[in-house]
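**Q**
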Amino acid sequence: MKKILAMLLALVMIFALAACGQQAAPAAEKPAEAPAAEAPAAEAPAAEAPAAVATGSLKIWVPEATVEFTKAQVAAFMEANPEYAGYEVSVEPVGEGDAASNMLTDVEAGADIFNFAQDQLARLVSAGALIELSDENAAIVAAENDAGSVAAATMGGTVYAYPLTSDNGYFLYYDKSVVSDPTSLAAILADCEAAGKDFYMEINSGWYQPAFFFGAGCTLTYDTDDAGAFTKCNIDYASDKGVGALKAMIELAKSPAFKNGSSVSNATNVAAIVDGTWDSSAAKELFGDNYACAKLPTVDINGTATQLGGFGGFKLLGVKPQTDEAKLALCDALALYLSSGDVQLARYQAVGWGPSNIAAKADPSVQADEALAALGEQLSYTIPQGQYPGDYWGLATALGDSVIGGQYNDADDATLLAALQSFQDTCIGYAG
Amino acid sequence: MKRKQRINNTICYIVLILMSIIWLFPFVGLVLQSFRGESGGMVAYLIPHEWSLKNYQYLFGSGSKFLKWYGNTLTIALFVAILQTLVVICVSYALSRMRFRGRKALMNIWLVLGMFPGFLTMICLYFLLKTLGLTESGAVPGLILISVASSGMGYYVCKGYFDTVPKALDEAAILDGATRAQILVKMIIPMSKPIIIYTALVAFMAPWCDYIFASYVAFGYEKGYNVAVAMTRWVWTNDYQGFFTRFCAGGILVAIPVTILFMCLQKYYVEGVTGGAVKG
Amino acid sequence: MDEIKRGNAISRFFRWLGGDLKEIGVTFAQGDWKTKLSFLIMGFGQLCRGQIVRGIAMLALEFGLLYFTFDFGWQYLTKLLSLGTVETHKEGRVTVYGDNSFFILLYGILAVVAVLALIYLWRVNLKQNREAEGLLARGKRLPSNKADLGSLLDKNFDKTLLALPVLGIFIFTVVPIIFMICIAFTNYDATHQPPAKLFSWVGLENFKALFGIGGEGFGGTFIRFKKLWRTILVMTIAVPQFVSLLYVGKMFAADGLVNAYLLKWGWIKQTIPFWTNATYARILIIVINLWIGIPYTMLIVTGLLMNIPAELYESARIDGANAFQTFRKITLPYMLFVTGPFLLTQFIGNLNNFNVIFLLNQGKPQSMNLSNNAGATDLLVTWLYKMTINDSNYKIAAVIGIMVFLVTAIISLVVYNVLPSVKDEEGFQ
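Protein chains in written order, with my numbering: chain A, 1 to 432; chain B, 433 to 712; chain C, 713 to 1141.
#1: Residues in the region 737-755 of chain C with C-beta within 9 Å of chain B's C-beta atoms, listed in sequence order?
#2: Kindly list, in the order they appear in chain C, the residues whose Cβ is closer than 8 Å to that of leucine 328 of chain A.
#3: Indicate whether at least one CB of chain C lies closer than 7 Å to the CB of methionine 530 of chain B.
#4: Starting from asparagine 81 of chain A and walking both ways along the alpha helix (DSSP H), at which residues does that stretch end?
#5: Quick check on DSSP: helix, strand or coil for cysteine 233 of chain A?
#6: Alanine 374 of chain A and phenylalanine 171 of chain A - do their beta-carbons sit closer together than 7 Å?
#7: Say whether the region 309-325 of chain A touches the region 151-171 of chain A, bearing in mind that this needs 3 or more beta-carbon pairs closer than 8 Å, one atom from each stretch.
#8: Of all the residues that make up the region 75-97 of chain A, which are near chain B by a beta-carbon distance shorter than 9 Å?
#9: Name the chain A residues whose beta carbon is nearer than 9 Å to that of asparagine 989 of chain C?
#10: Grab the span of the alpha helix (DSSP H) containing serine 647 of chain B for me, first residue to last.
#11: Which chain B residues are close to proline 321 of chain A, counting only those with a beta carbon under 7 Å from its beta carbon?
#12: When we look at the beta-carbon of valine 999 of chain C and count the other beta-carbons within 10 Å, is it buried (16 or more) or exposed?
#13: If you measure from the beta carbon of glutamate 462 of chain A to each beta carbon in chain C, is any gap under 7 Å?
#14: Shorter than 7 Å from the beta carbon of proline 256 of chain A to some beta carbon of chain B?
#15: Count the other CB atoms within 10 Å of the CB of isoleucine 443 of chain B; is the residue buried (16 or more) or exposed (fewer)?
#16: Compare the C-beta of valine 107 of chain A with all C-beta atoms of chain C and state if any pair is closer than 7 Å.
#17: According to DSSP, is proline 906 of chain C helix, strand or coil?
#18: Run through the DSSP bridge pairs and tell me what aspartate 198 of chain A is partnered with.
#19: Between phenylalanine 548 of chain B and alanine 1110 of chain C, what straight-line distance do the alpha-carbon atoms span, to the nearest angstrom?
#20: Just grab the DSSP bridge partners of arginine 468 of chain B for me.
#21: Say whether the region 460-474 of chain B touches the region 676-683 of chain B, bearing in mind that this needs 3 or more beta-carbon pairs closer than 8 Å, one atom from each stretch.
#22: Quick check: phenylalanine 636 of chain B and alanine 513 of chain B, are their CB atoms within less than 7 Å of each other?
#23: So with CB distances below 8 Å, who are the chain C contacts of glycine 652 of chain B?
#24: Indicate the three-state DSSP secondary structure (helix, strand or coil) for arginine 435 of chain B in the structure shown.
#25: Specify, as a first and last residue, the run of the alpha helix (DSSP H) that proline 877 of chain C falls within.
#26: How would you label isoleucine 935 of chain C, buried or exposed, when you count the other beta carbons within 10 angstroms and need 16 or more for buried?
#27: Between glycine 685 of chain C and glutamate 603 of chain B, what straight-line distance do the alpha-carbon atoms span, to the nearest angstrom?
#28: Quick one: is lysine 976 of chain C buried, meaning 16 or more other Cβ sit within 10 Å of its Cβ, or exposed?
#29: Please classify asparagine 234 of chain A as buried or exposed, where buried requires at least 16 neighbouring CB atoms within 10 angstroms.
#30: When the cut-off is 7 Å and only beta carbons count, does glutamate 64 of chain A lie next to chain B?
#31: Please report the distance separating the alpha-carbon of alanine 139 of chain A from that of leucine 338 of chain A.
#32: With a cut-off of 7 Å, does the C-beta of methionine 770 of chain C fall near any C-beta of chain B?
#33: With a threshold of 7 Å between beta carbons, is phenylalanine 784 of chain C in contact with chain B?
#34: Residues in the region 101-129 of chain A with C-beta within 8 Å of chain C's C-beta atoms, listed in sequence order?
#35: What is the DSSP secondary structure of glutamine 209 of chain A, counted as helix, strand or coil?
#36: Do you know whose CA, among A:Ala238, A:Pro93, A:Ser356, A:Glu202, lies nearest glutamate 144 of chain A's CA?
Laid out in structure tokens, this is it:
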């Protein structure tokens, strides 16, 4: 019995050794994993580096659509800056959502430069996945990009990311042959119903839903501290304005033409849809000659025609904290280059992402874009999307689901107010 | 009497036909959509307006890494099927035929371990694999290792089968001077074809569905994806406009090997679960 | 009663420990120089006495484990109590990572395991030495190397068979579970994420917090838990679920195929909100579960019924049993005997498999009445998944994981041990 256990454990050992051998090697190579006291020894080669050309590898994550574009731009950058020739840059297709969640899981294995949507900023900062911009770069970014996008990249007075686009908002795509008057929700629904087609809006999403509440004049924002923690919630949903907005949503959901959704390619039988610029080519293809865009319509809230509001959103480029001076310099320079006005314009021409850079925005080709024009018009009714706790999105979906599910169809104002009160209390509960 | 039987039969057939329609409907939809020429997502009609092979052409074309992902998944599935079957046979034999101290305790502990919500430990497993260098570019061996390492706990069905093989056979063999190892290799394994095929089949099918953990392990490294991770992106994120029909086509291609295997080996599958050795 | 029992267990443990320590002393005092040296160099005695295989194995193990513990594990082991003190900081704009609490905990656990293994091996080593001395003193021969190796294929074949599986399960299942259980006693969450921040031990805080959220937090858990039963019978079918489920999920969307046809045929005026109405969604999930499960179950059951020995029915008929009696006395017990383990596997599989719910509708619709973002069709696992992925709330997820684990483990242990095929393993042999 015992002797055999010994044999068994012999096998344990072989494995332990094998595992250990492999473990020891990376630990020695990566100063990041070693305790600080030992770090200098391991970092010595890097310290000698400035004399020679620094070498290493750098990983970039961008959504699939821009991979080829980014590769070409990186190649152009490397050619213009031969001092970084020792670095090998790889570009991997990782969507914005995946990029953020991967960075949260394992910062050290994550990309050095990555694309993300600005609603993830607080989480990324609090997980230590973003390094603040150098003062020079922050000044350039602030001077060259529109105010909303700079605000979206800033937290607690510090700029943490490079704005890439200013097009992460939503507006109305519609079929000219069906919808005659895109300025009023009631008219759109009437046209859709008459034509037996559908109007799409994802009202159970915490992103689209505020179009009603913000339009009605409500607020919902969170204050954060420098570390990305939520300190205060500013909300007034539980009010007459909020009840009015909720009633407008309920009315919308009652229409047989209403469908909950926000993706052109997942929509069937669509005549009008509230969606963003990322779907513009799909929408063009779908509607053909009848393709048209407009700002969001007005809706009847408490008896007055009210313009729907919502969020203005931005795509950002982040750099993760670096342990090596030379590589940090490369990351800073490359990120600044990839978010520069010229590259933003080229990106718009290649994949249609609307720029945040003021000069690029003024370019005639951008000005002529119908979808961006509609978005630009809508942007004046929106607030730049700040930071929201992860739980908020689930809560908003719950509210939207209740509306779509018909739970409030016959509810009186008091019931609606009570529901919004509980919504508001929960929102406040997420802060602090 | 005869008339009654005929009515019974008719009802049976109607029910069976109705059931077949319900069961096959989504798959027919999937197949039809995969041949749809017009772009866009889910459509409100079943028969494509324009027939086309372009979805399949895309998958096999140079612009797509589908073949790489398919190859990854197939590699994982084959290795897992072979290694997991070996492990399960070893464990089942030991637990079924041998009596040693701690056997009951071991079985109970393993049962309890299986109850722990597995994905809670995913982040931990991810870092263990990372320490071994088996994430990102090493995702394929990493996934194989994880599947095989814990496969010992899935011994129930196989052990149940071995339990039905009469012990008298073993005893006779021991009297003839055979060692335990010889009994396993020369006697039990040849007798247990159904359960071996069952185990291998189940093991082969699982990696095709592995989504969550596989996406953890690949960690954004595209060449390390399996089909589930790669293709789920096509339906769930905004980055892939118009990929719905491609998803359908890919789904069909994924379903083919598994379905064929399943059809061919169905008989063993059933025998495996139900203990073929106790036939009267 | 319980206390007496526990007292007994504890006193028994200490008595055993005392006896063991005494025996170690006796081994040292009475042993020859080979045994004495084996206290330091494991396997030395065995090697000297010609048991080369055992000696080398012991020596190699000692070396390997010591190397692992001191070369790799030590730096983590020493920090295990604090989980790290050196904060990540910046020098200029360059980040200097400090201690990583995650790795300290993970590798610390591995190092503790290695140390425990070493102690156990050391004890085994001493016992072997003492035994060998005893055998030699009585003038008997020690088992030869060949016999040692040969027994691994015969008498001790079970050890050979189980060594790798046990090891694999230990490293890739048990260690991660220990790790997650430890997480439940730390403050690892969105604001304490390594490598940028340290996390530390907080004792029972999280358990208190969970019960503190009140009935809502915990009550919700058990509502979910009941739903586990519904999915017991969800099984894999040939077409990978991620394909069929994603497709079926879309089919039932508000703008999906089903609603479109119902509208077209004029059966309904307004689309049915399959996924946004909690009741519909639950019903649909069950129906789809059935849809997935029925063909499979049919396959098994038909095969099973054909498989029941005909003589059993024959003799029952001769004894004058009616159809119901044969079913109750023969068919049912037989089915339970054979499929018991199978059903159990399915049950376990379902606890960890949330493909159905997750791929179909991600636990939607959300409900404002359920805490922490739970949706009306969430299983516990899908809900926990959301909690870790969306909110990085590892500590609470770990706490709930432990709760669920305790409940399900007890239930399944009880069920498993009353299964006919387990109670009476040799019933059909």
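Even for Gly, the Cβ is constructed at its ideal location relative to N, Cα and C.
**A** Walking through what the data contain:
#1: none
#2: Position 328 of the first sequence holds residue 328 of chain A. Going along chain C in sequence order, the residues near leucine 328 of chain A (Cβ under 8 Å) are Arg805, Val806.
#3: Here residue 530 of chain B refers to the residue found at position 98 when the second sequence is read from its first residue. For methionine 530 of chain B, the answer is yes, since a Cβ of chain C falls inside 7 Å of its Cβ.
#4: For the purposes of this step, residue 81 of chain A is taken as the residue at position 81 of the first sequence. Counting along the chain, asparagine 81 of chain A falls outside any alpha helix (DSSP H), and DSSP gives it neither H nor E.
#5: In the first sequence, residue 233 of chain A corresponds to position 233, counting from 1. If DSSP states are grouped into helix, strand and coil, cysteine 233 of chain A belongs with the strands.
#6: Your numbering for residue 171 of chain A matches position 171 in the first sequence. Your numbering for residue 374 of chain A matches position 374 in the first sequence. Cβ atoms of phenylalanine 171 of chain A and alanine 374 of chain A: closer than 7 Å.
#7: yes
#8: Glu92, Pro93, Val94, Gly95, Glu96, Gly97
#9: Against the third sequence, residue 989 of chain C aligns to sequence position 277. Here the neighbours are Asp401, Ile404, Gly405, Gly406, Gln407.
#10: Position 215 of the second sequence, counted from the first residue, corresponds to residue 647 of chain B. Residues 644-650.
#11: Translated into the one-based positions of the first sequence, residue 321 of chain A becomes position 321. The premise fails here: proline 321 of chain A is roughly 18 Å from chain B at the closest Cβ pair, so nothing lies under 7 Å.
#12: Numbered from its first residue, the third sequence carries residue 999 of chain C at position 287. Answer is exposed; the Cβ neighbour count stays below 16.
#13: As displayed, chain A neither begins before 1 nor continues past 432, which places residue 462 of chain A out of reach and without an answer.
#14: Taking the first residue of the first sequence as 1, we reach residue 256 of chain A at position 256. Taking Cβ atoms only, chain B never reaches closer than 7 Å to proline 256 of chain A, which makes this a no.
#15: To locate residue 443 of chain B, count along the second sequence from 1; it is residue 11. Classification of isoleucine 443 of chain B: exposed, given that the 10 Å Cβ count is below 16.
#16: The sequence position of residue 107 of chain A within the first sequence is 107, counting from 1. Yes - at least one Cβ of chain C is within 7 Å of the one on valine 107 of chain A.
#17: Position 194 of the third sequence, counted from the first residue, corresponds to residue 906 of chain C. Reduced to three states, the DSSP call for proline 906 of chain C is coil.
#18: Within the first sequence, numbered from 1, the residue matching residue 198 of chain A stands at position 198. Aspartate 198 of chain A pairs with A:Val270.
#19: Reading the second sequence from its first residue, position 116 is the one you call residue 548 of chain B. Reading the third sequence from its first residue, position 398 is the one you call residue 1110 of chain C. Each residue's alpha carbon lies about 10 Å from the other.
#20: Your numbering for residue 468 of chain B matches position 36 in the second sequence. Beta-bridge pairing links arginine 468 of chain B to B:Trp483.
#21: yes
#22: As a first step, residue 636 of chain B is located in the second sequence; it is residue number 204 there, counting from the start. As a first step, residue 513 of chain B is located in the second sequence; it is residue number 81 there, counting from the start. Cβ atoms of phenylalanine 636 of chain B and alanine 513 of chain B: closer than 7 Å.
#23: As a first step, residue 652 of chain B is located in the second sequence; it is residue number 220 there, counting from the start. What glycine 652 of chain B touches in chain C: nothing, since even the nearest Cβ is about 15 Å away.
#24: Reading the second sequence from its first residue, position 3 is the one you call residue 435 of chain B. It is helical.
#25: In the third sequence, counting from the first residue as 1, residue 877 of chain C sits at position 165. Run containing proline 877 of chain C: 869-881, per the alpha helix (DSSP H) assignment.
#26: Within the third sequence, residue 935 of chain C is the residue found at index 223, counting from 1. With a pLDDT of only 31 at isoleucine 935 of chain C, under the threshold of 50, the placement of this residue in the model should not be trusted, and no figure is reported.
#27: Look at the range of chain C in this structure, 713 to 1141, and you will see that residue 685 of chain C is not part of it.
#28: Here residue 976 of chain C refers to the residue found at position 264 when the third sequence is read from its first residue. When all chains shown are included, lysine 976 of chain C counts as exposed.
#29: Counting from 1 along the first sequence, the entry for residue 234 of chain A is found at position 234. By the 10 Å Cβ count, asparagine 234 of chain A comes out exposed.
#30: Indexing the first sequence from 1 puts residue 64 of chain A at position 64. Taking Cβ atoms only, chain B reaches closer than 7 Å to glutamate 64 of chain A, which makes this a yes.
#31: Taking the first residue of the first sequence as position 1, residue 139 of chain A is located at position 139. Taking the first residue of the first sequence as position 1, residue 338 of chain A is located at position 338. So the two alpha carbons sit approximately 16 Å from each other.
#32: The residue you call residue 770 of chain C lines up with position 58 of the third sequence. For methionine 770 of chain C, the answer is no, since every Cβ of chain B falls outside 7 Å of its Cβ.
#33: By one-based count along the third sequence, residue 784 of chain C stands at place 72. Cβ-Cβ to chain B under 7 Å: no for phenylalanine 784 of chain C.
#34: Ser101, Leu104, Val107, Glu108, Arg123, Ser126, Ala127, Gly128, Ala129
#35: Along the first sequence, read from residue 1 onward, the residue named residue 209 of chain A stands at position 209. Coil, per DSSP.
#36: To locate residue 144 of chain A, count along the first sequence from 1; it is residue 144. Taking only the C-alpha atoms, the option nearest glutamate 144 of chain A is A:Ser356.
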